[in-house]
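Each remark here refers to the structure printed beneath this line.
In the working numbering, the protein residues as written are 580 to 735.
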């Protein structure tokens, strides 16, 4: 069982290891066209953040540093959504985080299936907002799943 530091390190390490298939995916999508690759490089830090938060998320159901980090981000996100008048989305995010906080530790949030379920909005929401089904959220979803799996691996 790992703490905040162990999960943080695992998230960073697994992201580093995931750069190999990420590089292969970019090569598949863009070939060797350097301009196309550089145009998409902004996604890399976003993917890193998704992976890192994925590595911390399973411990959101206990009082921990990970919980404080996740709750702080959710608070900022919810306030931003409210300011932008996205009340319904803000409400659903709030309800979701409250429900998860009520669960027992090493229950729902520590299941393998949950590693693929919790990050699903990263894949689905961009499709719903843009009506474009072409891989918009795939890198973010994949990065969050990699981070989540790193957490489960440390806790095995």
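Note that the Cβ used here is the ideal one computed from N, Cα and C, for glycine as well.
Counting along the chain, the unbroken alpha helix (DSSP H) around residue 718 starts and ends at 717–734. Boundaries of the alpha helix (DSSP H) around residue 648: 644–662.
For residue 684 against residue 645, the beta-carbon gap comes to about 11 Å, at or over 8 Å, which does not count as contact. Inclusion of residue 630 and residue 723 in the CB contact set at 8 Å is warranted, their separation being smaller than that value. Between the alpha carbons of residue 687 and residue 731 lies a distance of about 12 Å. In this structure residue 677 does not touch residue 640 by the C-beta definition: roughly 11 Å separates them, more than the 8 Å allowed. A direct Cα-to-Cα measurement between residue 626 and residue 612 gives close to 21 Å. For residue 675, the enclosing alpha helix (DSSP H) covers residues 666–680. When the alpha-carbon of residue 619 is set against those of 679, 604 and 690, the nearest one is in 604.
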